[in-house]
Amino acid sequence: MDIHRTKSDMRATRAGLARDGATIGLVPTMGFLHGGHMALVERARAECDRVVVSIFVNPTQFGPGEDYEAYPRDTDRDLAMLRDAGVDAVFLPDAAEIYPEDAETVVEPARLSRILIGRLRPGHFAGVATIVTKLFNIVGPDAAFFGEKDYQQLRVIRRVARDLDMPVRVEGVEIVREADGLAMSSRNVRLSEDHRRAAPVLHAALEVGRAAIEAGEGVTAAGERVRRRLEEARDAQVQSVDLRDAATLQPLRGTPDRAVVMLLAVRFGDVLLIDNMVAIPKEAA
Ligand code: PAF
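Mapping of the sequence shown onto numbering that gives the first Met the number 0: position 283 corresponds to residue 282, and the numbering continues sequentially without gaps.
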């Protein structure tokens, strides 16, 4: 497995990997890998001839006072996991390699990046869209793989790729959960023992919401049920509960007749957890 710290080395390796028309799959990550990331790698391996993984904790997607410094890192462990998984190359740059001191160009879908999580974390999706655009330009993948846990992120990246005519297929991969329902996330290790015990409430609340929508309840009532279930967990600070059109992320009213995505953001101490689930109302089934 090749490990590259510079853009020029990565580009040179990319050219070699793509010899004889081999297709390249990219899995962009911020490291501290878990089963969710490995599911992305597996999908990339199934769909592409060569797999490149990037590990870069991107400073521009963290706001002031967010957990950039505290974001968990363990590069040796990450590399061992990727080697075992048969990854062909890893791109492991530092911030100075990625962002020239006077870098000033930002990629941002103007509307989609400022709703929902974009309201809670201003500037977050501009940071994500810019780094992903750069990674696409450096690695030149045929397909790139992202987790459905970051539901809005995946839509933002698809919008950027479409709007800017990027020749890359953006694929979503299903959420991978712990046995108790908690969605896998690098941030889970930052939860205290009590908060880790309480955190599966996100999944439990989503199941309550799904049952309500599937039984024909309106979005307001279903959303209230979800919020009440979340509030049963001690220390859960509910940041947002949004029920939206699963395809467009636009608000819905009344009894939905199309797939609904339920998007949660809940803080335990200083750890922000997000999760989501799609519910198909009887009307749309
Ligand atoms: O989902 C993540 O880990 C990051 O937001 C991404 C897509 C690697 C961009 O930094």
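Yeah, the Cβ is synthetic: ideal placement off N, Cα and C, and Gly gets one too.
Round the Cβ separation of residue i and residue j to the nearest angstrom and send it over; I've been treating them as touching at under 8 Å.
i, j, result
"V50", "G30", "Not quite, the Cβ-Cβ distance comes to about 16 Å (not below 8 Å), so this is no contact."
"D257", "A283", "According to the sequence shown, residue 257 is Arg rather than Asp. The pair is a contact, with the Cβ atoms about 5 Å apart (cut-off 8 Å)."
"E147", "G171", "5 Å"
"D97", "F124", "Residue identity differs from the one stated: residue 97 is Ile in this sequence, not Asp. That belief does not hold up - the Cβ atoms of I97 and F124 are roughly 18 Å apart, past 8 Å."
"Y150", "L262", "6 Å"
"G217", "T254", "5 Å"
"M276", "R209", "6 Å"
Ignore the nearest five residues each way along the sequence and tell me which others in residue i's own chain have a CB closer than 8 Å to its CB.
i, result
"V169", "A142, A143, F145, L153, I156, R157, A160"
"T358", "Outside the modelled stretch of the chain, which goes from 0 to 284, sits residue 358, for which no answer is possible."
"I2", "L78, A88, V89, L91"
"P199", "E177, D179, G180, L181"
"L115", "Q151, S239, D241, R243, L248, L262"
Please go through the same chain and pick out, in chain order, the residues whose beta-carbon is closer than 6 Å to the beta-carbon of residue i, but skip the five residues on each side of it.
i, result
"I212", "A221, V259, A278, P280"
"R186", "V270"
"R266", "Q236, Q238"
"L32", "D77, M80"
"R120", "G62"
"Y67", "P58, F61"
"I137", "K6, M9"
"E173", "E147"
"G44", "A small correction: the amino acid at residue 44 is Arg; Gly does not occupy that position in the sequence shown. If we look at R44 and ignore the five residues flanking it on each side, its Cβ neighbours are V50."
"I130", "N57"
"R42", "F144, V172"
Given residue i, which residues of its chain have a CB within under 7 Å of its CB, disregarding the five upstream and five downstream residues?
i, result
"V167", "F135, P140, D141, A142, A143, A160"
"R233", "A197"
"V127", "Q60, Q152, V155"
"A84", "M37, V40"
"D48", "A21, T22"
"V207", "R224, V225, R228"
"V86", "M0, V40, V50, V52"
"A69", "R189"
"E46", "G24, A142"
"M183", "H33, G34, G35, V175, R176, E177"
"P250", "R243"
"A264", "I116, L119, Q238, S239, L271, I273"
Since residue i sits in a beta bridge, which residues does DSSP pair it with?
i, result
"H3", "F90"
"N275", "L262"
"Q236", "R266"
"R176", "A182"
"S53", "P27, F90"
"R168", "A142"
"L242", "M261"
"P250", "R243"
Chain B beta carbons: is any one of them nearer than 9 Å to that of residue i?
i, result
"L134", "Although the question refers to chain B, the structure presented lacks it and comprises just one protein chain."
Quiz item: If we count Cβ pairs, one from each stretch, closer than 8 Å, do we get three or more for the segment 199 to 212 versus the segment 229 to 236?
Solution: Verdict: yes, contact present.
Practice problem: Take every Cβ of the segment 11 to 28, pair it with every Cβ of the segment 104 to 122, and state whether three or more of those distances are shorter than 8 Å. | Solution: The answer is no - the segment 104 to 122 does not touch the segment 11 to 28, with fewer than three Cβ pairs under 8 Å.
Practice problem: Could you tell me whether the segment 4 to 20 touches the segment 60 to 69, using the rule of 3 or more Cβ pairs below 8 Å? | Solution: no
Quiz item: On the three-pair Cβ rule with 8 Å, is the segment 186 to 200 touching the segment 240 to 249?
Solution: no
Exercise. Determine, using beta-carbon pairs with one atom in the segment 29 to 47 and one in the segment 71 to 87, whether at least three such pairs fall under 8 Å.
Key: yes
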